[in-house]
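Numbering (our numbering), first residue to last: 18 to 204.
Quick look at the structure:
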């Protein structure tokens, strides 16, 4: 019937099809962002874990060295980025499931909870490492901690670069969580 307040059946199916298409598009975007986040966390972990620099002192036998594992905050940073990278790779399975079944809600909620936990872990690790990087660059005159980045240029550049990748992954997690919320509430 085409009159009054009734809706045609064709209109309802078109609207439902459109909603399903939007959810599928959100799921595909989620999948892509998880891949990018995995690459960013992997690059951050590898960059930090392979960072070391040696400076000769008077002779070739006496050297000063700076390595990531000299500082527990950097070890935590590498471990957290590795765990989050592994999680992002494993979460691709559920992300593919959401592309196929765009109406799944319970698995999306489960993924949001895990995403928030991983984002928290990554934020904590990046913040702890950022504090050490700040001290390495600027020192702290009140505590008599001198900046080391004038001597260890390569070391400081690499640790600063690995922080950038980690914070990019944190931003991607925010976007992923928002996309998941939108996908759930577009039902």
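Cβ coordinates follow ideal geometry from the N, Cα and C atoms, glycine included.
**Request:** Can you tell me which of the three DSSP states residue 83 falls into?
**Result:** strand
**Request:** Just the C-alpha distance for residue 7 and residue 88, rounded to the nearest angstrom, thanks.
**Result:** Summary: the structure shown does not reach residue 7, with the chain confined to residues 18 through 204, and so no result is reported for it.
**Asked** To which residues of the same chain is residue 136 closer than 8 Å at the C-beta, ignoring the five residues directly before and after it?
**Response** 187, 190, 191, 194
**Request:** Name the residue from 47, 68, 55 whose alpha carbon lies nearest to the alpha carbon of residue 117.
**Result:** 47
**Message:** Going residue by residue through the segment 127-204, where are the continuous beta strand (DSSP E) segments of at least 3 residues, counting only ones entirely within it?
**Reply:** none
**Message:** For residue 47, list the residues DSSP reports as bridge partners.
**Reply:** BP columns for residue 47 are empty, so no partner.
**Request:** Give me the Cβ distance between residue 200 and residue 37, rounded to the nearest whole Å; I'm assuming they're in contact under 8 Å.
**Result:** Between residue 37 and residue 200 the Cβ distance is about 11 Å, and since that is not below 8 Å, they are no contact.
**Message:** Quick check on this structure: which residue in 203, 176, 196, 202 has the alpha carbon closest to the alpha carbon of residue 62?
**Reply:** 176
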